[in-house]
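Chemist: Just so you know, the protein sequences line up as chains A and B, in that order.
According to the UniProt record's numbering, the first sequence is numbered sequentially starting from 1.
According to the UniProt record's numbering, the second sequence is numbered sequentially starting from 1.
Once you've had a glance at the structure underneath, I'll fire off some questions.
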Amino acid sequence: MIEVRNLTKKYGDKLAVNDISFKVEKGEILGFLGPNGAGKSTTMNMLTGYISSTSGQVLIDGTDILDDPKKAKANIGYLPEIPPLYVDMTVEAYLSFMYDLKKCKLPRRAHIKDICSLCKIEDVRKRIIKNLSKGYRQRVGLAQALINNPPVLILDEPTVGLDPNQIIEIRSLIKKLGKRHTVILSSHILPEIQAVCDRIIIINRGVVAADGTAEEIAKNITNKHKMTLRIEGPDHTADDKRVITEAIRALNGVKYVRADMEREKGIYDYDVETDGKTDIRRDLNKLCNDNGWNILMLQLSDLTLEDIFLKITMDEGIAKEDEKTASKSKPRIDIKVAPSGKLRAVKEADEEDEEDNSILSSDSEENNGGEE
Amino acid sequence: MLAIYRREMGAFFTSGVAYVFLAVFWLVSGIFFYNGVIAGCTTDTSAMFSSMFYIVMFLIPVLTMKLLSEEKKNKTDQGLLTAPVSLWDIVLGKYFAALTLFIIAESVVFIYAFILNYLGDVVWTPLLGNYFAMLFLGAAFIAVGLFISSLTENQMASAVVSLVVLFLIYLSEMLVSSFENGNTFKRAVFKIVSKLAFYSRYVEFTRGVFSLPSVVFFISAAFLFNFFTVKVLEKRRWS
């Protein structure tokens with residue numbers, strides 16, 4: 001339905017979008033995820049023909065948006081970041097104007113009425129847009145995008161400014177729309193993307209950093225599972241640590257074990273990574289049982305979408321820290337985005353990374369708290 | 001195009017621009033009518049029409065100032081440019097809306113003609129000739145104003161720059177009038193400027209000459225500036 005080939009946009013010397021390619025199939029809901037300034041809106045503006053690309057192609061249902069803009073644009077409903085509302089019109093008049101502008105052939109009154117009830121703006125239809133709240137304006141913007149039932153819907157941060165109830169409503173509306181329309185949705189709110197989208201594209205600094213379902217991305221970015229163990233050895237000494245580490249490492253499917261800090265006297269934490277295919281928990285239990293060790297804690301720490309997002313988008317900061325601290329701490333394997341946009345495993349500074357993550361995650365929790 | 005035309009007409013009236021424009025236009029042209037025609041005890045409307053050049057010049061910027069600048073400022077151009085309409089549709093929709101309002105305003109001369117009809121014999125041919133001359137002049141000026149509106153996001157800047165440009169167009173002939181008997185270069189400048197002059201072409205009509213080249217000139221100017229406007233919008237997408 002939508003095909004993007006090597007899309008590039010330069011503003012002067014600044015590369016806003018760099019060689020993005022992807023395809024969206026009919027009926028798919030695609031989430032565009034990225035930090036502010038990553039190139040989401042620029043990409044969407046190019047998809048809808050608002051701005052042109054420096055190079056590359058956008059095909060909407062097989063029609064190039066620059067070759068035959070009228071035909072391509074007729075297939076798109078677009079809700080930009082700031083809804084394009086004429087604030088001196090009433091909702092009704094505005095939607096009627098968009099109906100004319102899009103040369104809609106459906107029965108006017110019934111169509112506009114349907115859309116109003118879909119977006120829950122029936123009660124403000126006679127009001128002037130100037131006097132509406134941000135949430136209502138956003139919904140009028142969405143209604144505008146839905147006029148003429150375009151097969152492709154492109155929504156740039158559709159839930160910004162809505163209250164929690166409305167966010168849930170809009171999300172379920174988008175999900176419903178996804179059955180009949182192909183939807184591209186951008187957001188920097190992770191739970192939103194996870195709740196609504198079939199597929200996710202993470203954009204960072206103008207390149208596609210990851211593409212796939214949340215699970216696929218998680219699998220691509222790392223094919224191992226991580227867990228944290230706390231095991232009590234028999235002697236409560238550092239010797240235990242060595243013995244236990246060796247024993248766990250010998251288990252089938254374990255890729256990496258590292259003894260962590262001493263949490264209680266003589267009891268250590270162990271970070272374990274597996275290859276992702278074998279579930280080692282039962283073997284582990286058996287091992288401990290046989291040796292008379294006690295498992296005090298077992299915590300799986302698989303990557304969530306949030307971890308993935310942070311990992312992909314924040315790696316520049318981490319990389320810088322990395323250079324500074326590389327000499328003084330133990331290296332650890334981690335995932336990086338290469339300049340080409342490919343993911344690769346690299347060594348990186350341990351302590352700094354943890355510190356970074358803790359800062360970031362507390363930060364993102366705050367964000368979510370605000371958004372949810 | 002029709003949708004944009006209708007919306008723009010509506011916006012003129014809801015935003016009050018239309019009322020200000022019509023009120024000032026009618027008031028000032030009424031004064032010219034009274035002073036030039038009634039008080040002079042004549043049915044010759046040409047003096048009134050030549051004065052009305054100034055109304056057109058000063059009021060067209062009011063009409064065109066926000067046509068495109070406000071779209072850009074409020075980001076509503078995103079709705080227009082992503083709709084299945086061409087840039088020409090957008091520009092011409094707005095252009096004809098402004099032109100329509102201008103025609104409504106200048107049609108007040110028919111009321112004056114009606115009044116004159118009671119006082120004496122109306123000479124219809126020059127009156128109609130002048131009416132159409134003013135229409136073509138307005139058509140060209142609106143295109144200039146629309147073009148300038150497309151260059152900025154600020155209504156006031158758009159209005160002021162439009163006014164200055166229209167004023168320069170008006171003054172250009174007088175600025176070079178001393179060049180007529182100068183050296184070759186000066187004569188060339190004089191020739192070019194007087195060929196491109198708006199004012200003397202318009203005044204020509206008020207003297208009773210309905211010159212077809214001038215009509216073509218005004219229509220070409222209108223087309224050219226609308227073309228520039230389309231190019232500005234197009235260029236914005238490519239930058």
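Just so you know, even glycine gets a beta-carbon here, dropped at the ideal spot from N, CA and C.
Since the model is a prediction, treat every value here as computed from it, not as a measurement.
Check whether the Cβ atoms of A/Ala16 and A/Gly206 lie closer than 7 Å to each other.
Modeler: One-based indexing of the first sequence puts residue 16 of chain A at position 16. One-based indexing of the first sequence puts residue 206 of chain A at position 206. Going by C-beta atoms, A/Ala16 is nearer than 7 Å to A/Gly206.
Chemist: So for A/Tyr109, helix, strand or coil by DSSP?
Modeler: On the first sequence, residue 109 of chain A is found 109 positions in, with the first residue counted as 1. This sequence places Arg at residue 109 of chain A; Tyr is not what is there. A/Arg109 falls in the helix class under three-state DSSP.
Chemist: To be precise: take each residue of the stretch 80-112 of chain B, compare its Cβ to all Cβ atoms of chain D, and keep it if any distance is under 8 Å. Which residues remain?
Modeler: The structure shown contains no chain D; the protein chains it does contain are A and B.
Chemist: With 7 Å as the threshold, decide whether the Cβ of B/Ala18 is near any Cβ in chain A.
Modeler: Sequence index remark: in the second sequence, residue 18 of chain B carries index 18 (1-based). Chain A, which has no Cβ nearer than 7 Å to the Cβ of B/Ala18, makes this no.
Chemist: May I ask which residues mark the beginning and end of the alpha helix (DSSP H) holding B/Leu233?
Modeler: Taking the second sequence and counting its residues from 1, one reaches residue 233 of chain B at position 233. First-last of the alpha helix (DSSP H) with B/Leu233: Leu212 to Trp238.
Chemist: Closer than 7 Å, CB to CB, is A/Tyr86 near chain B or not?
Modeler: On the first sequence, position 86 is the one that residue 86 of chain A refers to. At least one chain B Cβ lies under 7 Å of A/Tyr86.
Chemist: For A/Lys10, I'd like the list of residues in its chain whose CB is within less than 6 Å of its CB, leaving aside the five on either flank, ordered along the chain.
Modeler: The sequence position of residue 10 of chain A within the first sequence is 10, counting from 1. Once the five neighbours on either side are set aside, the close Cβ partners of A/Lys10 are Thr54.
Chemist: How about B/Lys231: is its C-beta nearer than 7 Å to some C-beta of chain A?
Modeler: Here residue 231 of chain B refers to the residue found at position 231 when the second sequence is read from its first residue. No - not a single Cβ of chain A is within 7 Å of the one on B/Lys231.
Chemist: Do A/Thr90 and A/Lys134 have their beta-carbon atoms positioned less than 7 Å apart in this structure?
Modeler: As a first step, residue 134 of chain A is located in the first sequence; it is residue number 134 there, counting from the start. As a first step, residue 90 of chain A is located in the first sequence; it is residue number 90 there, counting from the start. Judged by beta-carbon spacing, A/Thr90 lies beyond the 7 Å limit of A/Lys134, meaning their Cβ atoms are not closer than that value.
Chemist: Any beta carbon from chain A within less than 7 Å of B/Trp238's own beta carbon?
Modeler: Residue numbering aside, residue 238 of chain B sits at position 238 when the second sequence is read from its first letter. Judged by the 7 Å Cβ criterion, B/Trp238 is in contact with chain A.
Chemist: Indicate the three-state DSSP secondary structure (helix, strand or coil) for B/Leu166 in the structure shown.
Modeler: Against the second sequence, residue 166 of chain B aligns to sequence position 166. If DSSP states are grouped into helix, strand and coil, B/Leu166 belongs with the helices.
Chemist: Do A/Pro158 and A/His181 have their beta-carbon atoms positioned less than 7 Å apart in this structure?
Modeler: Within the first sequence, numbered from 1, the residue matching residue 181 of chain A stands at position 181. Within the first sequence, numbered from 1, the residue matching residue 158 of chain A stands at position 158. No, Cβ-Cβ distance for A/His181 and A/Pro158 is not below 7 Å.
Chemist: How far does the alpha helix (DSSP H) with A/Ser172 in it reach, from first residue to last?
Modeler: The residue given as residue 172 of chain A occupies position 172 in the first sequence. Per DSSP, A/Ser172 belongs to the alpha helix (DSSP H) from Pro164 to Leu177.
Chemist: Taking the C-alpha atoms as reference points, what is the distance between A/Glu25 and B/Ala23?
Modeler: Along the first sequence, one-based indexing puts residue 25 of chain A at 25. Along the second sequence, one-based indexing puts residue 23 of chain B at 23. C-alpha separation (whole angstroms): 57 Å.
Chemist: Between B/Leu63, B/Cys41, B/Thr45 and B/Ser50, which lies nearest to B/Gly16 when the distance is taken from Cα to Cα?
Modeler: Numbered from its first residue, the second sequence carries residue 16 of chain B at position 16. Per the Cα distances, B/Leu63.
Chemist: Quick one: what's got a C-beta closer than 6 Å to B/Lys66's C-beta in the same chain, skipping five residues either side?
Modeler: Locating residue 66 of chain B in the second sequence gives position 66, counting from the first residue. Excluding residues within five positions, the ones whose Cβ falls inside 6 Å are Gln155.
Chemist: Suppose the cutoff is 6 Å on Cβ atoms and the five residues either side in sequence are ignored; what does the same chain contact list for A/Asp240 look like?
Modeler: Residue numbering aside, residue 240 of chain A sits at position 240 when the first sequence is read from its first letter. Result list for A/Asp240: Gly233, in chain order.
Chemist: Under DSSP, the alpha helix (DSSP H) around A/Asp240 begins and ends at which residues?
Modeler: Position 240 of the first sequence holds residue 240 of chain A. Looking at the DSSP string, the run of the alpha helix (DSSP H) that includes A/Asp240 is Ala238 to Ala250.
Chemist: Under 7 Å, Cβ to Cβ, is there at least one residue of chain A near B/Thr64?
Modeler: In the second sequence, residue 64 of chain B corresponds to position 64, counting from 1. Chain A contact via Cβ: absent.
Chemist: Shortest alpha-carbon distance to B/Val122 belongs to which of B/Ile31, B/Asp44, B/Val176 and B/Ser214?
Modeler: Numbered from its first residue, the second sequence carries residue 122 of chain B at position 122. Taking only the C-alpha atoms, the option nearest B/Val122 is B/Asp44.
Chemist: What residues from the stretch 171-186 of chain A come within 8 Å of chain B, judged by C-beta to C-beta, listed N to C?
Modeler: Flagged: no residues at all.
Chemist: Tell me, which residues are paired with A/Phe32 by DSSP?
Modeler: Start at 1 with the first residue of the first sequence, and residue 32 of chain A comes out as number 32. Paired residue(s): A/Ser186 and A/Ile201.
Chemist: For a quick check, are the C-beta atoms of A/Ile200 and A/Gly37 less than 7 Å apart?
Modeler: Translated into positions along the first sequence, residue 200 of chain A becomes position 200. Translated into positions along the first sequence, residue 37 of chain A becomes position 37. Note that the C-beta distance between A/Ile200 and A/Gly37 is not below 7 Å.
Chemist: Alpha carbon to alpha carbon, how far is A/Gln194 from A/Ser117?
Modeler: Residue mapping note: residue 194 of chain A aligns to position 194 of the first sequence, counting from 1. Residue mapping note: residue 117 of chain A aligns to position 117 of the first sequence, counting from 1. In a straight line, the C-alpha of A/Gln194 is about 26 Å away from that of A/Ser117.
Chemist: When the cut-off is 7 Å and only beta carbons count, does B/Gln78 lie next to chain A?
Modeler: The residue given as residue 78 of chain B occupies position 78 in the second sequence. Interface residue, yes.
Chemist: Need the endpoints of the alpha helix (DSSP H) that A/Thr42 sits in, please.
Modeler: Working through the first sequence from its first residue, we reach residue 42 of chain A at position 42. Lys40 to Leu47 is the extent of the alpha helix (DSSP H) around A/Thr42.
Chemist: What do you get for A/Asp68, buried or exposed, if any count of 16 or more other CB atoms within 10 angstroms of its CB means buried?
Modeler: For the purposes of this step, residue 68 of chain A is taken as the residue at position 68 of the first sequence. Burial call: exposed.
Chemist: Run down chain A in chain order and give the residues with a C-beta less than 7 Å from the C-beta of B/Thr14.
Modeler: If you number the second sequence from 1, residue 14 of chain B lands on position 14. Result: Asp88.
Chemist: Exposed or buried, what is B/Arg201 when buried is set at 16 or more other beta-carbons lying within 10 Å of its beta-carbon?
Modeler: As a position in the second sequence, residue 201 of chain B is number 201, starting the count at 1. Buried: at least 16 other Cβ atoms inside 10 Å.
Chemist: Is it buried or exposed for A/Asp260, if we count other Cβ within 10 angstroms and need 16 for buried?
Modeler: Taking the first residue of the first sequence as 1, we reach residue 260 of chain A at position 260. Exposed: under 16 other Cβ atoms inside 10 Å.
Chemist: According to a CB-to-CB cut-off of less than 7 Å, which residues of the stretch 31-61 of chain A neighbour chain B?
Modeler: Taking 7 Å as the Cβ-Cβ cut-off against chain B, the residues of the stretch 31-61 of chain A that qualify are Thr48, Gly49, Tyr50, Ile51 and Ser52.
Chemist: Three or more C-beta pairs under 8 Å: does that hold for the stretch 115-133 of chain B against the stretch 34-50 of chain B?
Modeler: yes
Chemist: What residue from A/Leu310, A/Lys176 and A/Arg109 has the CA that sits closest to A/Asp198's CA?
Modeler: Taking the first residue of the first sequence as position 1, residue 198 of chain A is located at position 198. The shortest C-alpha to C-alpha distance from A/Asp198 to any of A/Leu310, A/Lys176 and A/Arg109 is the one to A/Lys176.
Chemist: How many Å lie between B/Val164 and A/Pro164 at the Cα?
Modeler: If you number the second sequence from 1, residue 164 of chain B lands on position 164. If you number the first sequence from 1, residue 164 of chain A lands on position 164. The straight-line gap from Cα to Cα measures roughly 51 Å.
Chemist: Of the choices A/Lys71, A/Ile60, A/Asp64 and A/Asp88, whose alpha-carbon is the least far from that of B/Glu71?
Modeler: Here residue 71 of chain B corresponds to residue number 71 of the second sequence, with the count starting at 1. Closest by alpha carbon: A/Asp88.
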